[in-house]
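Contents: one structure, followed by commentary.
2 protein chains.
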Amino acid sequence: MRTRDVLALAEDAQQAGASGVLLAPVSYQKLSDEEVFGLYDVVTRELSVPLCVYDNPGTTRFEFSDELHGRIAQLPSVRSIKIPGVPAGTDEARARVDRLRSMIPAHVSIGVSGDGMAAMGLNAGCEAWYSVIAGVFPDTALAITRAAQAGDAQQAMHLSERLQPLWDLFRQTGGSLRAVATAAELKGLVDSPCLPLPLKTLEDSDRQRLAALIDELQLS
Amino acid sequence: MRTRDVLALAEDAQQAGASGVLLAPVSYQKLSDEEVFGLYDVVTRELSVPLCVYDNPGTTRFEFSDELHGRIAQLPSVRSIKIPGVPAGTDEARARVDRLRSMIPAHVSIGVSGDGMAAMGLNAGCEAWYSVIAGVFPDTALAITRAAQAGDAQQAMHLSERLQPLWDLFRQTGGSLRAVATAAELKGLVDSPCLPLPLKTLEDSDRQRLAALIDELQLS
């Protein structure tokens, strides 16, 4: 994706009324630190809504250092960083969030992604959870979030751990997108199939397993 | 990239007079085997020019199995596979090419990519080299190719090995693209800077090193 395309899409989003934009450094060619800084520098100069830096190395093949996050977070419009998850373990997760927090301005929030890591991330000090399941199962996602925000770390972890069969299904089916899109189909929220080709929603036993989990885990 | 976008681009390329197309399974979401097969199935149905399957896991995060190559190579229009390189070592390279060759029709060629691996790949039985340097240094690329095609494996390897400082520079500067684009600038073949942002051509010491190598290695 060229910088000029990103600018055009950002303008289009703003014209359509978006109140913020999310930007990952997606590129056919793996980018360097200076190229990524240049991308955010150019885009934030043009932007009149807040921007969330999307740190998603699994997709972009680009690894942000905390130092680079620190530089980018100084740019105008940057208001949040979506991190790719947190290490397993309470102390490790806290150390990871604390280190990033020490290098970015206070007005830039840190949000966790990877739904199975949300409770650990929120307990470790992330101010937001950029959730996939919340679009289809808002009550389930909100219960985890409210527990963590209330300081009940144990309850947040408990609520997350009971969803382990769902996190396992995400991993087995190539990430959360296909499963959550399938859930939207199963709940009648969208036409089926809802994903654009070449992507396909779950079929056969995976689809049946998901339908059963929605009931068993009382996802809502 | 959605299938419908790929179809639109393929149609555009054909309308513009392209005599063939190259298609890698680029996707924001990492694709499954069935999704990739579905992509090539749909695209080749619509195509009236030959297609080269671009196997480029470093960019797409998708790993083709030889079995999947075998299925896709049966589709109409498929005439070549661009493989991501060959293993180091004459026997290993030959075994890799032979295995793929045994699973695809005879009318589908195998072409090597990764310029530093071209001599090894051609010697191992690849019928083509999908080269980056050939666009700017055709004589240099042709000498390697002609030696391999004439059966002089040792000379092909010798000509490639003397370019090792160039292959090293490619690796140190994030792949061949930036260096070869810089070479095109240095030779006055294009305006400078020629790469679209956020990509940048080489600067400072990397640029000077490349300019020196063009002379020292007599690239032409």
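Protein sequences, first through last, are from chains A and B. Under our numbering, think of the first position of the first sequence as 75, with each following residue one higher. Under our numbering, think of the first position of the second sequence as 75, with each following residue one higher. Glycine is no exception: its CB is placed at the ideal position from the N, C-alpha and C atoms.
Indicate whether the contact test is met: 3 or more Cβ pairs, each with one atom in the segment 167 to 181 of chain A and one in the segment 106 to 124 of chain A, closer than 8 angstroms.
-> By the Cβ criterion, the segment 167 to 181 of chain A is not in contact with the segment 106 to 124 of chain A, since fewer than three pairs of Cβ atoms, one from each stretch, lie closer than 8 angstroms.
Just list the alpha helix (DSSP H) runs in the segment 124 to 183 of chain B, keeping only unbroken ones of 4 residues or longer that don't cross its boundaries, in chain order.
-> 131 to 134, 140 to 146 and 164 to 175
Name, please, each residue of chain A whose Cβ falls closer than 8 angstroms to the Cβ of L97/B.
-> Residues of chain A passing the Cβ test: none, with the nearest at roughly 11 angstroms.
Name the two residues that bound the continuous beta strand (DSSP E) containing L67/B.
-> The first residue shown for chain B is 75 and the last is 294, placing residue 67/B beyond what the model contains.
What residue from Y114/A, A98/A, A227/A and P99/A has the CA that sits closest to G195/A's CA?
-> A227/A
DSSP on V95/B, reduced to helix/strand/coil?
-> DSSP places V95/B in the strand class (E or B) of the three-state scheme.
Does any C-beta atom of chain A lie closer than 8 angstroms to the C-beta of E108/B?
-> Closer than 8 angstroms to some Cβ of chain A, the Cβ of E108/B qualifies, so yes.
Roughly how many angstroms separate the alpha carbons of A198/B and R135/B, rounded to a whole number?
-> 25 angstroms
Within 10 angstroms of its Cβ, does C200/A collect 16 or more other Cβ (buried), or is it exposed?
-> Sixteen is the threshold: when 16 or more other Cβ atoms of the shown chains lie within 10 Å of the Cβ of C200/A, as they do, the residue is buried.
List the endpoints of the continuous alpha helix (DSSP H) containing V110/B.
-> D107 to E120
State whether the segment 76 to 88 of chain A contacts the segment 107 to 119 of chain A, with contact taken as three or more CB pairs (one from each stretch) at a distance under 8 angstroms.
-> yes
L97/B to N130/B span [Cα, whole Å] | Taking the straight line from one Cα to the other gives about 10 angstroms.
Tell me whether A198/B sits in a helix, a strand or coil according to DSSP, three-state version.
-> Correct three-state label for A198/B: coil.
Is the segment 178 to 194 of chain B touching the segment 231 to 249 of chain B, taking contact as three or more C-beta pairs under 8 angstroms?
-> yes
Closer than 7 angstroms, Cβ to Cβ, to anything on chain B: give me those residues from the segment 266 to 277 of chain A, in chain order.
-> P270, L271, P272, L273 and K274
Helix, strand or coil at V264/A [DSSP, three-state] = Correct three-state label for V264/A: coil.
Any C-beta of chain A sitting closer than 8 angstroms to the C-beta of R281/B?
-> Residue-level contact check: R281/B does not touch chain A, since none of the beta carbons of chain A fall below 8 angstroms from its beta carbon.
Boundaries of the alpha helix (DSSP H) in which E235/A is found, first to last residue = A227 to E235
Taking buried to mean at least 16 other C-beta atoms within 10 Å of its own C-beta, is S176/A buried or exposed?
-> exposed
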